[in-house]
Amino acid sequence: MPKLYRRSLDDCFNFSSPMKELIEISSALKRLLGRPCALATVIRVEGSAYRQPGARMLMTPEGEVWGMVSGGCLEHDVLDHGRRALQSNRARIVRYDSTSEDDPVFGTGLGCNGVIDVLIEPIADNFRKSFVLAVDHCVNTRQRGMLVTHMHDSDGFVRCEHLFFTNGLWSEDAEASTPVNGSRYNGHEMAQVQHNPQRPAIQTFIQPLTPPLQIVAFGGWFDLLPLIHLAHEVGARIIVVDASGRQSSRRLYGEADEVLLCEPNDAVSQISFDNRTAAVLMNHHVERDQQALLALIDMSLPFLGMLGPKRRRQRILDNLREQGIDVPSGFEGQIHSPVGLDLGAETPAEIALSILAEILAVMNQRDGQPVRDRLSPLHSVPSLPAYV
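So for the sequence shown, the working numbering puts the first residue at 625; every next one is plus one.
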């Protein structure tokens, strides 16, 4: 059975992963109920590309698709390859080279000046079941996992073996026999693993499963509605904590994943906070924001935001100190208040967009500046290849 060292797994999850896409694909696999389908996965990128390794697209012979492997320029061709893979029941790796004028897809200059390798494989029942279980476990328990694909070159086609790491254990295809010896991943999303020296033709692709971003919004006003909607658009889970206790809030915020009608202290005891959880205080009420801040004061959150001007934040912190509350050194500097990026936002929807944009920038360790001003590559280049 493959070995994976705890340290390596922890190093592997310091980044964002396209979990929304994996969740959508998992949900589609449940609905398809054994219908033929193929899965395309970006396994390698050189240069510039719209999507990075780990982007996936599920497809049926009838043309139904879930997920994307590019901005739209590859999908039709990938779908054709998917149909062929289903007809032959054999996987293949297709290379798209937008740096070459001879490439049949990118030859007209529509590409991003990069080379993209896409694995396209028919979905077997054992893979379908394991994939769904792995994604569901990550979402429901907020525990990290991992998808590993071994690719065996065979006369121009590829034979795939899949392994899944969930709940601290490995599960694998019945035919999978290649051990994975976990190497240090250096915080990158995809990485090389050690191979069986007796089987050098095997290539390995790794994709971590990272719990989706979770946003806990303390508030009870209408401006929560666009934040809830936008959060779901980017694949985040959102919990609303309404201290007013209004039963109508359950209906008003019905799009939220969870609505808690209780005081912040009680809510905090019911929520699993982790390093993928952001909190935003939007009560429009000094005392309620103060109660929420007090409930969170001893937590080490990756993001804590609060509506209102700086002087309001200072007033709340001064109130806590006057009550004898020990405000930890540096805590004030951790509060994003006024919360949001400077977009000139005015309407509730615009403010929600600015809040979500700042959360994403902080969680992804970016500065929120225009991409055109970025001097380094937009996507980090792993020190170890995704696919070797």
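We put the beta carbon where it would ideally sit given N, CA and C, even for glycine.
Helix, strand or coil at residue i [DSSP, three-state]
i           : result
residue 665 : strand
residue 687 : coil
residue 696 : coil
residue 751 : helix
residue 927 : strand
residue 701 : helix
residue 853 : helix
residue 758 : helix
residue 826 : strand
residue 680 : strand
residue 949 : coil
residue 892 : helix
residue 905 : strand
residue 647 : helix
residue 764 : helix
residue 812 : Per-residue confidence for residue 812 stands at a pLDDT of 34, beneath the threshold of 50, marking its modelled position as unreliable; no derived number is given.
residue 915 : helix
residue 708 : helix
residue 938 : helix
residue 999 : coil
residue 875 : helix
residue 653 : helix
Paired residues, beta bridge with residue i - DSSP
i            : result
residue 831  : 771
residue 781  : 778
residue 746  : 662
residue 670  : 739
residue 720  : 740
residue 863  : 840 and 882
residue 944  : Paired residue(s): none; residue 944 is not in a bridge.
residue 910  : In the DSSP output, where bridge partners are listed per residue, residue 910 has none listed.
residue 845  : Bridge partners of residue 845: none, in fact.
residue 614  : In the structure displayed, the chain extends from 625 to 1012; residue 614 sits before or after that span and is not available.
residue 795  : 788
residue 1059 : Residue 1059 cannot be examined here, being either before or after the span of the chain that is shown, 625 to 1012.
residue 959  : 928
Residue nearest to residue i in terms of C-alpha spacing, selected from the options
i            : options               : result
residue 711  : 722, 757, 646 and 747 : 747
residue 786  : 779, 770 and 778      : 770
residue 764  : 925, 744, 938 and 647 : 647
residue 902  : 952, 958 and 875      : 958
residue 953  : 881, 745 and 921      : 921
residue 937  : 690, 905, 996 and 651 : 905
residue 835  : 767, 741, 706 and 783 : 767
residue 743  : 864, 723 and 775      : 775
residue 678  : 669, 704, 684 and 686 : 669
residue 935  : 950, 919 and 910      : 910
residue 1000 : 671, 667 and 665      : 671
residue 849  : 866, 989 and 973      : 973
residue 840  : 870, 877 and 829      : 877
residue 741  : 717, 914 and 912      : 717
residue 949  : 918, 968, 931 and 826 : 918
residue 986  : 963, 856 and 702      : 963
residue 705  : 650, 665, 675 and 695 : 665
residue 682  : 983, 652, 760 and 694 : 652
Spatial distance of residue i from residue j (CA atoms)
i           : j           : result
residue 789 : residue 943 : 48 Å
residue 896 : residue 960 : 21 Å
residue 998 : residue 981 : 17 Å
residue 978 : residue 709 : 43 Å
residue 955 : residue 925 : 11 Å
residue 805 : residue 832 : Note on residue 805: pLDDT 44, under 50, position unreliable in the model; the coordinate value appears next. Cα to Cα, residue 805 sits roughly 15 Å from residue 832.
residue 899 : residue 779 : 45 Å
residue 880 : residue 752 : 28 Å
residue 578 : residue 722 : Because the chain in this structure spans residues 625 to 1012, residue 578 falls outside the shown range and cannot be described.
residue 656 : residue 749 : 11 Å
residue 928 : residue 907 : 14 Å
residue 700 : residue 777 : 25 Å
residue 781 : residue 715 : 6 Å
residue 713 : residue 660 : 10 Å
residue 756 : residue 874 : 29 Å
residue 947 : residue 754 : 53 Å
residue 852 : residue 996 : 29 Å
residue 886 : residue 762 : 27 Å
residue 975 : residue 993 : 17 Å
residue 813 : residue 794 : In this prediction, residue 813 scores a pLDDT of 38, lower than 50, which makes its location untrustworthy; the coordinate-derived value is nonetheless stated afterwards. About 19 Å.
residue 941 : residue 914 : 8 Å
residue 784 : residue 773 : 6 Å
residue 738 : residue 673 : 6 Å
residue 923 : residue 888 : 13 Å
residue 892 : residue 689 : 39 Å
residue 862 : residue 912 : 19 Å
residue 931 : residue 707 : 51 Å
> Taking only runs of the beta strand (DSSP E) that begin and end inside the stretch 961-997, which ones reach a length of at least 3 residues, in chain order?
Replying inline: none
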